[in-house]
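> Here it is, the structure, as structure tokens.
There are 2 protein chains.
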Amino acid sequence: MLDGLFRPRGIGVIGASNNPYSIGYIVIRNLQEHGYKGPIFPINPKGGHIRCFKAFKSILDVDDPIDLVNISVAAKLIPQVIEDCGKKGVKFCIVHSAGFKEVGPEGIKREQEMVALAHEYGMRIFGPNSQGAQNADPEISSYANFTFVPMRPGNISIVAQGGGMGEMLKLHLYKVGIGHRLYCSYGNESDLTMPEILEYYGQDPGTRVIMMQTESFKDPAAFVRVAAQITPHKPILAIKAGRTREGSVAVASHTGTLVDQVAMARAMYRKAGVVQYYNTDDMIRAAIALGCQEPPPGRRIGMITNTGGPGIQAVDESVDRGLTLATWSPAGKQRLKESLYAEASLGNPVDVVATANADHYFAAVDTLLREESVDMVLVFFVTAPFTDTAAIARRLKEAIAASNKPTVIVIETFEKYQALIDDLRGAGIPVYEFAEDGARALAAMANYGEIRRRQWDAPPDVAAELVTARARVAQILAPHLGTGRYLSQAEAFDVLAAYGIPAPRLQQVASAADLDSATAAVGFPCVLKVDSAEVVHKSDEGGVALGLADRKALDAAFAAMRDRFAGTAATFVVQEQRPKGRELIVGVKACPGLGSLVMFGLGGVFVEVMRDVAFALAPLGRAEARAMMREIKGFPLLEGVRGEAPVDLAALEDVLVRVARLGADFPAIAEMDLNPVFAYPAGTAPVAVDVRLKVG
Amino acid sequence: MLDGLFRPRGIGVIGASNNPYSIGYIVIRNLQEHGYKGPIFPINPKGGHIRCFKAFKSILDVDDPIDLVNISVAAKLIPQVIEDCGKKGVKFCIVHSAGFKEVGPEGIKREQEMVALAHEYGMRIFGPNSQGAQNADPEISSYANFTFVPMRPGNISIVAQGGGMGEMLKLHLYKVGIGHRLYCSYGNESDLTMPEILEYYGQDPGTRVIMMQTESFKDPAAFVRVAAQITPHKPILAIKAGRTREGSVAVASHTGTLVDQVAMARAMYRKAGVVQYYNTDDMIRAAIALGCQEPPPGRRIGMITNTGGPGIQAVDESVDRGLTLATWSPAGKQRLKESLYAEASLGNPVDVVATANADHYFAAVDTLLREESVDMVLVFFVTAPFTDTAAIARRLKEAIAASNKPTVIVIETFEKYQALIDDLRGAGIPVYEFAEDGARALAAMANYGEIRRRQWDAPPDVAAELVTARARVAQILAPHLGTGRYLSQAEAFDVLAAYGIPAPRLQQVASAADLDSATAAVGFPCVLKVDSAEVVHKSDEGGVALGLADRKALDAAFAAMRDRFAGTAATFVVQEQRPKGRELIVGVKACPGLGSLVMFGLGGVFVEVMRDVAFALAPLGRAEARAMMREIKGFPLLEGVRGEAPVDLAALEDVLVRVARLGADFPAIAEMDLNPVFAYPAGTAPVAVDVRLKVG
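Those sequence lines, one after another, are chains D and R. Numbering of the first sequence is given in our numbering, commencing with residue 59 and proceeding in unit increments. Numbering of the second sequence is given in our numbering, commencing with residue 59 and proceeding in unit increments.
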């Protein structure tokens, strides 16, 4: 429980000072000016008084309970301060001071010692090199932070790794009169971790929406676990900094770089039901909407406007963000017709025309909100000089309050009508400036609504069907653990076989003498491949002979290949030649601290040039595997284009589930590429024609 | 010259009224309150006075010159009003009144008669069903418009088809204290056209940037012509409403829908050098930047921040929008090191840290602006409570004023520091709220800078090389004009041949008796195809036999195909079988009122599923053809991936130029698809293997 941090009974400020530019002064001022509901205790060895408060020479001189301290003394003084706080029974120390991890080995040691000392007293460290924590709950009103944005109570909580970004989010909410609930920017994360904070936000009854910004995940698996528990009942919106830092979402299996930070973050967010954003303003607008209203039951939007152009912008943006335009029932249409001006347009958007009055607006909004086919409503409203805008706002509130479908209002106006905007916002209606903003906010709500409704089946334990699977794979991997080596083809295919991942018939061939038994097992046509840990790009190095129709062709190919790789430790495999199907790539990549990512894409240039791939965090249930396949742009190819038969999607789903389970069961699989996988029409299982498997 | 509209010597308001909700009243109030510099003449048959002005019973009673009238009387009264205005010598009539084209045939007739009558007197009609026109030039200050946004002088001019969108643009500029220059929303466009208005804006010395919104182009060719003359010296930023209305940028050659409105607008904008936007706010922010500063000489951005997170957002957004991160010279790095705090980070972004003072900021900005490698600068600045923010702003202005490279500032702050923002804006520096906004604005400036620098060669008259080309094509098309029919294969290939577009050897075959001469001309392997206007999808209907190795195979294929199409008017062609190259699609589609669009994409699923295509307006010069090819996502495939040889791009460019010339020369070619075109490595010309050509 982080109540000591966010609902402290008393706050000590260690390093309190009368210098108005010092952190020790600003924290006291912030706490005082924002009406902290508990007592404030400035601590300064020199005593005196600061902003009318008596300063204590030591925290041990204070009689009242102190749950939280803000520490801004020099790093070298910290150990003594921590010792005193521990003796005092403090629960949380916000350490603003720098000079720790960020300055190198010496600082890391200092940080570790500080945390160890705090733990001796059952105390937790927030930071160091951190900004602070706030709770705008009027019953607490703690601004234990040295920044400058005025605090206004709201229901959106913010957790940001970067202080500048955290302030940015808080600032915009303040500017639009919305405010926030809990806030913190956690700096070095030496002890108290982001997932712990997130968990607390998840449990805080006053928090309706969580916004977060992350630069790097200290414990990604914990984040996914915690976030996944929150998102079914509370939205988490997130920005991961540095989406282009690693270059791009490049996926090039031939470079060995299967996944990157960007893909990892996307997969984590998807698994945990976190809605990802790239732009600060997009995320804030979505948070505002979700802080006001419940997400819509579906993706069908109804729109009302009193001027054409912005209506079209809203349509474009809505469709672009995956919403669909609702249509009205005959009864709804009739009511619109009877209620509006003759020149009104009754399609979607309904154009009530610029001279529409309050009754017209009411009728339009009320009609749409009552339509079964409408999941959400966007109202655009230019404050035309010849209408009673206050009356329109009043009736809009009335109609919206009577429905539980979300409705956002876009008002085209200026400062003269600010009271109107404030009034609507005060009634819990999200108000935006541009038509596109309203559409984006509704799309964001719809996206979260889908996350809340999604029913992903638990990842099945496919290995359980094959009782020996885990043991078999462990046995194959054992001799290679820690080597960073590629398995032989025969071993890698054995791993697939253990998990029931279909592959062609295959036999190992050490010398020409083995060809008899190989051909007996495999048949013709067949493929001959070199099998050597040193030969990674087999085709490029002349290590693959395809379409060998008979024994004569095989013998010739074998002789040639044996000569080519003479003097190496290479052996060979003879493999059943499968007819060419739809070419796919399925991959696994271990992400330390997180687990394994699964990659899915169409083969060849679709991955390497078009970068059309999807990633997911293993293990996968069938529903998630299905969603993952549908994420690639080229998905229609799998459904069949120009009269082609669709591939067997259910069978493909099964392959993904098995591959994901394998990755999840064996984090020692650093990288595995099934490339290509051939998929076939219904009735024929997809088959992994080639595999590379690297053990970490 | 539209001086009478935008710089009128006197304005008459016909339909003037004392009803404060009437257009006739609001226009007078707007003119008066915004300090119109000429005389205002209310006209009302009842006389009296309106807002202290004496009302004239007829415009003919006024002695002074009146250049412009605003008319808001009922449509049936218009003819008499126009007659009077004509006699008075009025130059422009803004017709606010509705009841014209938008109400059907009767209204269209009324509109045409009104225009004809006006022309008898050398008068021009603006509208009808229009909002009005404004000029915020303090020497004129004409608000001849019935809307409500306060007018503030600026250098951005706006022309919007939709009044709501026009106001939206004006409104945001007003809110951020920037204002506008010329403004109009032109309604029905019955007489005075958008391109004429645009041309006037282009020539107005007080207009530095033009923003436009269009719903549909009445004369697209005129727009392209006019805009292309303006953009080399003045940016035009544009929104085309309805980007998703037609469904999508779907291109499916098998449905015959080669292009749509969206593709058409993109091609027009590209040709004319207009920068296209989809979001209102994006466009406005770009306009603000371009209204303040000159575009940068290149795409290299330097960034300075005093807090990390927003800096990363700016990096992400910049890279995403195609800017590149500048690096500093050793001397620059040295100066940064000497000028900034030890804990400052000297990469890009330079992090001067939150406690940086005015001298630090000055040194950082001044250093970056003097770096040869920096084309533009983004400054991020959180108004930390422990710094002298006014001093920082002062030094920032100083550094920025000394350079001609664009610099935008993003300030993270709130109303307490509004004066700071106003001060920087007053100094001609664009200021934004979010880091991403600043990056987007700079990227927009860089995009316009490239348009200004682009040197596209004139489309060559390829037909001139082949003196008979035009005559030959005209002759082939002549019998089909107006039929909407497809040419025969033989004819279509003849058209290509006339323009020097390479194709396989080919011979027509009516009966088995022709096979001898055909094989003599074409050789083996060959292709047999049905050739019939009725058979459009030849392959799907069994009308193509590929890879016929010898005469025996050809004879068999011919017999089978003759049977299959027995009883139809089909003939056949025998065609040289070309080795498979990189598959491409090149198309032409006539756009009435505009000319012809050229389409380019990779073949098959790349177009149909991935929708990876580029469009351009014919004719094309080589540079534009080159730019067009590079626009598709799959372009790296043409450059060669995984060791493949690149295709002959110069030869492909030549094909595009020739196809574009053909389309431009013959608008009667309603649709032409070269599908596939095979492209080969350098030295082998690309070849159009199949062609469909429909005559309009």
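We treat Cβ as the ideally placed atom computed from N, Cα and C, and that holds for glycine.
Check whether the Cβ atoms of Gly349 (chain D) and Ile214 (chain D) lie closer than 8 Å to each other.
Reading the first sequence from its first residue, position 291 is the one you call residue 349 (chain D). Reading the first sequence from its first residue, position 156 is the one you call residue 214 (chain D). In contact: Gly349 (chain D) and Ile214 (chain D) (Cβ atoms closer than 8 Å).
> So with CB distances below 9 Å, who are the chain D contacts of Ile84 (chain R)?
Reading the second sequence from its first residue, position 26 is the one you call residue 84 (chain R). Simply Pro443 and Phe444.
> Nearest-angstrom Cα distance between Lys159 (chain R) and Leu398 (chain D)?
Against the second sequence, residue 159 (chain R) aligns to sequence position 101. Against the first sequence, residue 398 (chain D) aligns to sequence position 340. In a straight line, the C-alpha of Lys159 (chain R) is about 22 Å away from that of Leu398 (chain D).
> Return the CA-CA distance between Arg324 (chain D) and Asn462 (chain R), expressed in angstroms with no decimal places.
As a first step, residue 324 (chain D) must be located in the first sequence, where it is residue number 266. As a first step, residue 462 (chain R) must be located in the second sequence, where it is residue number 404. If you take the alpha carbons of Arg324 (chain D) and Asn462 (chain R), they lie about 41 Å apart.
> Just to confirm, are Leu714 (chain D) and Val631 (chain D) a CB contact at a threshold of 8 Å?
Here residue 714 (chain D) refers to the residue found at position 656 when the first sequence is read from its first residue. Here residue 631 (chain D) refers to the residue found at position 573 when the first sequence is read from its first residue. No. Outside cutoff.
> Are the C-beta of Asn406 (chain D) and some C-beta of chain R separated by less than 8 Å?
Position 348 of the first sequence, counted from the start, is the residue given in the question as residue 406 (chain D). No, because no Cβ of chain R sits closer than 8 Å to the Cβ of Asn406 (chain D).
> Can you tell me whether Glu689 (chain R) is helix, strand or coil according to DSSP?
Taking the first residue of the second sequence as position 1, residue 689 (chain R) is located at position 631. DSSP places Glu689 (chain R) in coil when its eight states are reduced to three.
> Please tell me whether Val580 (chain D) and Gln547 (chain D) are closer than 8 Å, where the distance is taken between their beta carbons.
Taking the first residue of the first sequence as position 1, residue 580 (chain D) is located at position 522. Taking the first residue of the first sequence as position 1, residue 547 (chain D) is located at position 489. Cβ distance not < 8 Å, so Val580 (chain D) and Gln547 (chain D) don't count as in contact.
> What would DSSP say about Val753 (chain D), mapped onto helix, strand or coil?
Numbered from 1 along the first sequence, position 695 holds the residue referred to as residue 753 (chain D). Strand.
> What does DSSP give as the partner residue(s) for Thr382 (chain R) in the beta ladder?
Counted from its first residue, the second sequence places residue 382 (chain R) at position 324. Partner(s): R:Arg358.
> Measuring only between beta-carbons, confirm whether Ile370 (chain R) sits less than 8 Å from chain D.
By one-based count along the second sequence, residue 370 (chain R) stands at place 312. Yes, Ile370 (chain R) counts as interfacial toward chain D.
> Counting only Cβ-Cβ distances shorter than 9 Å, please list the residues of the region 680-701 of chain D near chain R, keeping chain order.
Going along the region 680-701 of chain D in chain order, one finds Lys691, Gly692, Phe693, Pro694, Leu695, Val699, Arg700 and Gly701 with a Cβ nearer than 9 Å to chain R.
> Please name the residue in R:Met686, R:Val667, R:Asp670 and R:Met668 whose C-alpha comes closest to that of Ala676 (chain R).
The residue you call residue 676 (chain R) lines up with position 618 of the second sequence. Considering only alpha carbons, the answer is R:Met686.
> Please tell me whether Arg620 (chain D) has its Cβ less than 8 Å away from any Cβ of chain R.
Taking the first residue of the first sequence as position 1, residue 620 (chain D) is located at position 562. Taking Cβ atoms only, chain R never reaches closer than 8 Å to Arg620 (chain D), which makes this a no.
> Go to Leu720 (chain D), then tell me how far its alpha helix (DSSP H) extends in each direction, as first and last residue.
Along the first sequence, read from residue 1 onward, the residue named residue 720 (chain D) stands at position 662. It spans Leu707 to Asp723 - the alpha helix (DSSP H) in which Leu720 (chain D) sits, taken as one unbroken run.
> Can you grab the Cα-Cα spacing for the pair Arg636 (chain D) / Val602 (chain D), in whole Å?
Within the first sequence, the letter at position 578 stands for residue 636 (chain D). Within the first sequence, the letter at position 544 stands for residue 602 (chain D). Computed Cα separation, rounded: 14 Å.
> For Glu689 (chain D), which residues in the same chain have their Cβ closer than 7 Å to its Cβ, ignoring the five residues on either side in sequence?
As a working mapping, residue 689 (chain D) is identified with position 631 in the first sequence. Cβ neighbours of Glu689 (chain D) beyond the five flanking positions: Ala672.
> Are any of the Cβ atoms in chain D nearer than 8 Å to that of Thr313 (chain R)?
Taking the first residue of the second sequence as position 1, residue 313 (chain R) is located at position 255. The predicted position of Thr313 (chain R) is uncertain, since its pLDDT is 35 and thus under 50; a value taken from the coordinates is nonetheless stated next. So, not an interface residue.
> In whole angstroms, give me the CA-to-CA distance for Pro39 (chain R) and Met434 (chain R).
The question about residue 39 (chain R) has no answer, for chain R in this structure spans 59 to 754.
> Give me the residue from D:Asn187, D:Glu257, D:Pro103 and D:Val234 with the minimum Cα distance to Ile342 (chain D).
As a working mapping, residue 342 (chain D) is identified with position 284 in the first sequence. Here the closest residue by C-alpha is D:Val234.
> For a test of the three-state rule: what should DSSP assign to Leu554 (chain R), helix, strand or coil?
What you label residue 554 (chain R) is simply residue 496 of the second sequence in a count that begins at 1. Leu554 (chain R): helix per DSSP, three-state reduction.
> Below 9 Å on C-beta distance, what does Phe206 (chain D) contact in chain R?
Locating residue 206 (chain D) in the first sequence gives position 148, counting from the first residue. Within 9 Å Cβ-Cβ: Val440, Thr441, Ala442, Pro443, Thr471, Phe472 and Lys474.
> Can you find a CB in chain D that lies within less than 8 Å of the CB of Phe492 (chain R)?
The residue labelled residue 492 (chain R) in the question sits at position 434 within the second sequence. Chain D contact via Cβ: present.
> Quick check on Asp142 (chain R): buried or exposed, where buried means 16 or more other Cβ atoms within 10 Å of its Cβ?
By one-based count along the second sequence, residue 142 (chain R) stands at place 84. Asp142 (chain R) should be labelled buried.
> Kindly say whether Val753 (chain D), judged by its beta-carbon, lies nearer than 8 Å to any beta-carbon of chain R.
Indexing the first sequence from 1 puts residue 753 (chain D) at position 695. Not closer than 8 Å to any Cβ of chain R, the Cβ of Val753 (chain D) fails to qualify, so no.
> If you measure from the beta carbon of Leu231 (chain D) to each beta carbon in chain R, is any gap under 8 Å?
Translated into positions along the first sequence, residue 231 (chain D) becomes position 173. Taking Cβ atoms only, chain R never reaches closer than 8 Å to Leu231 (chain D), which makes this a no.
> With respect to the beta strand (DSSP E) encompassing Arg640 (chain R), which residues constitute its N-terminal and C-terminal limits?
The residue given as residue 640 (chain R) occupies position 582 in the second sequence. Arg640 to Cys649 is the span of the beta strand (DSSP E), which, as asked, contains Arg640 (chain R).
> Would you kindly check if the distance between the Cβ of Ala74 (chain R) and the Cβ of Ile101 (chain R) is under 8 Å?
For this step, residue 101 (chain R) is matched to residue 43 along the second sequence. For this step, residue 74 (chain R) is matched to residue 16 along the second sequence. Contact flag set, yes.
> Could one say the Cβ of Thr338 (chain D) lies closer than 8 Å to chain R's Cβ atoms, at least one of them?
Here residue 338 (chain D) refers to the residue found at position 280 when the first sequence is read from its first residue. With 8 Å as the cut-off, Thr338 (chain D) counts as an interface residue toward chain R.
> I'd like to know whether the C-beta of Gly367 (chain R) is nearer than 8 Å to at least one C-beta of chain D.
Position 309 of the second sequence holds residue 367 (chain R). It does; some Cβ of chain D falls within 8 Å.
> What number of angstroms, rounded off, separates the C-alpha of Asn193 (chain D) from the C-alpha of Arg87 (chain D)?
Walking along the first sequence from the start, residue 193 (chain D) turns up at place 135. Walking along the first sequence from the start, residue 87 (chain D) turns up at place 29. In a straight line, the C-alpha of Asn193 (chain D) is about 15 Å away from that of Arg87 (chain D).
> Which term fits Pro290 (chain R), buried or exposed, when burial requires 16 or more other beta carbons within 10 angstroms of its beta carbon?
If you number the second sequence from 1, residue 290 (chain R) lands on position 232. Burial call: exposed.
> Below 8 Å between beta carbons: does that hold for Ile152 (chain R) and Ser248 (chain R)?
Mapped onto the second sequence, residue 152 (chain R) falls at position 94. Mapped onto the second sequence, residue 248 (chain R) falls at position 190. Against a cut-off of 8 Å, the Cβ pair of Ser248 (chain R) and Ile152 (chain R) comes out as no contact.
> Between which two residues does the beta strand (DSSP E) holding Asn337 (chain D) run?
One-based indexing of the first sequence puts residue 337 (chain D) at position 279. That residue, Asn337 (chain D), is in no beta strand (DSSP E); it is neither H nor E in DSSP.
> Quick one: give me the first and last residue of the alpha helix (DSSP H) that Arg483 (chain R) is part of.
Counting from one through the second sequence, the residue named residue 483 (chain R) turns up at place 425. That run of the alpha helix (DSSP H) goes Gln476 to Gly484.
> Using three-state DSSP, classify Lys95 (chain D) as helix, strand or coil.
Here residue 95 (chain D) is taken as the residue at index 37 of the first sequence, counted from 1. It is coil, neither helix nor strand.
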